[in-house]
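Below is one structure; the comments refer to it alone.
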Amino acid sequence: MTGTPLESTEGSTVQLTPEILDDRDAVGAAVADGIVRRMAANGGAPFLLGCPSGRTAVPVYEALARHAAGGADLSNLVIVMMDDYVLADERGVYRTVDPDASYSCLGFARREILAPIADASVRAGSTPPTEIWTADPTDPAAYDARIAAAGGIDLFLLASGDSDGHVAFNQPGTPRGAKTHIVELGELTRRDNMNTFPEFTDLAMVPRYGVTVGVDTIAGQSAEVVMILCGEHKQGAYRELVAATRYEPDWPATIVTECRRATFLVDRAAAAAARV
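Residue 76 in the numbering used here sits at position 64 of the sequence shown, and the numbers go up by one each step.
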């Protein structure tokens, strides 16, 4: 991962150059290799990895587990989740969904990110990582404060919504200065997530609200970001992002252009959009 240094976190005009790899597994391996190198050079300090749930970053998590199985020390990994679904009670107080639900982002982090890495670490005789951070929907601002107090995100993994460009749960129209907040999810985002969680057989089953890091949380508190696009269904997102030079509220994933160091990794299926 080469990365493109930016001079500021807001208002920069940088057009990303994609790095095109063969397939999603090659993308996952490349990103994981970079994470492990950065952790090894981090002097044993906690390494905050901003993580999405869902399909896009799964090859990265699988590759990290393979590194752990090979003896890599990932004990200082801190998994910082970017969002989660929330429900509102009769008083209008928000709470995260049951972590045992398959669509819970905290549950995803426990099952699909931490557990495989921790199990592989134990088998290899290494100390397993243990930390997962999530935002408290009753106090979203505390998440930004916690991240800042830790020195920021070392590397944030980003993905773009297929149909509306959401990043985390930031919806089209999200202002550039948005920090961690409660958001009402639009229909396109909810339909995208029906593809991620097959048990959502009807749109009414998808929660209507989420808690999410803001676009300014991503740009302002990340030392480095990697935008990942894999698969034919990401071709529209690819076209939007290769053309972007600054944050465009109607496609929130364009915040990647205003991050300090940004790498854009795609597989050939997503990059085929360049020939459409």
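Ideal Cβ placement from N, Cα and C applies to all residues, glycine included.
Residue j beta carbon less than 8 Å from that of residue i
i, j, result
"W145", "I194", "no"
"A289", "G83", "Only positions 13 to 288 of the chain appear in the structure, and residue 289 is not among them; the question remains open."
"D101", "P184", "no"
"A283", "P30", "yes"
"A121", "A77", "no"
"S172", "A80", "no"
"L89", "M51", "yes"
"R67", "T208", "yes"
"P264", "H178", "yes"
"V26", "T201", "no"
Top-ranked residue by Cα proximity to residue i, from the options
i, options, result
"A180", "R273, F59, S65", "S65"
"A216", "R203, L60, Q233, E143", "R203"
"A130", "T224, V48, P141", "P141"
"T192", "I159, A265, G55", "I159"
"M94", "R273, I230, A282", "I230"
"Y250", "Y259, R188, T266, D34", "T266"
"I165", "P264, L253, D228, T208", "D228"
"Q233", "R36, L167, R103", "L167"
"D110", "A154, A53, G119", "G119"
"R12", "Y106, N54, E260", "The first residue shown for the chain is 13 and the last is 288, placing residue 12 beyond what the model contains."
"A113", "K246, R258, P264, V218", "V218"
"A274", "N205, K246, V48, A235", "A235"
"W211", "R123, E244, Y115", "A small fix is needed here, since residue 211 is Glu in this sequence, not Trp. Among R123, E244, Y115, the Cα nearest to that of E211 belongs to Y115."
Exposure of residue i, with buried meaning 16 or more beta-carbon neighbours within 10 Å
i, result
"P152", "buried"
"V268", "buried"
"D331", "Because residue 331 is not part of the residues shown, which for the chain are 13 to 288, the question remains open."
"E270", "buried"
"N182", "buried"
"G248", "buried"
"R272", "buried"
"G46", "buried"
"A154", "exposed"
"V134", "exposed"
"A75", "buried"
"T213", "exposed"
"A190", "buried"
CB-CB length for residue i against residue j, believed under 8 Å
i, j, result
"L169", "I240", "6 Å"
"D176", "G198", "6 Å"
"A162", "L86", "So it is not a contact: roughly 17 Å between Cβ atoms."
"D96", "C63", "Wrong, their Cβ atoms sit about 11 Å apart, outside the cutoff."
"L33", "L253", "So it is not a contact: roughly 16 Å between Cβ atoms."
With three or more beta-carbon pairs closer than 8 Å as the criterion, would you say the region 41-49 touches the region 58-77?
yes
For the 8 Å Cβ check, are there 3 or more pairs between the region 226-239 and the region 266-280?
yes
The region 218-226 touching the region 147-163, judged by at least three CB pairs closer than 8 Å
yes
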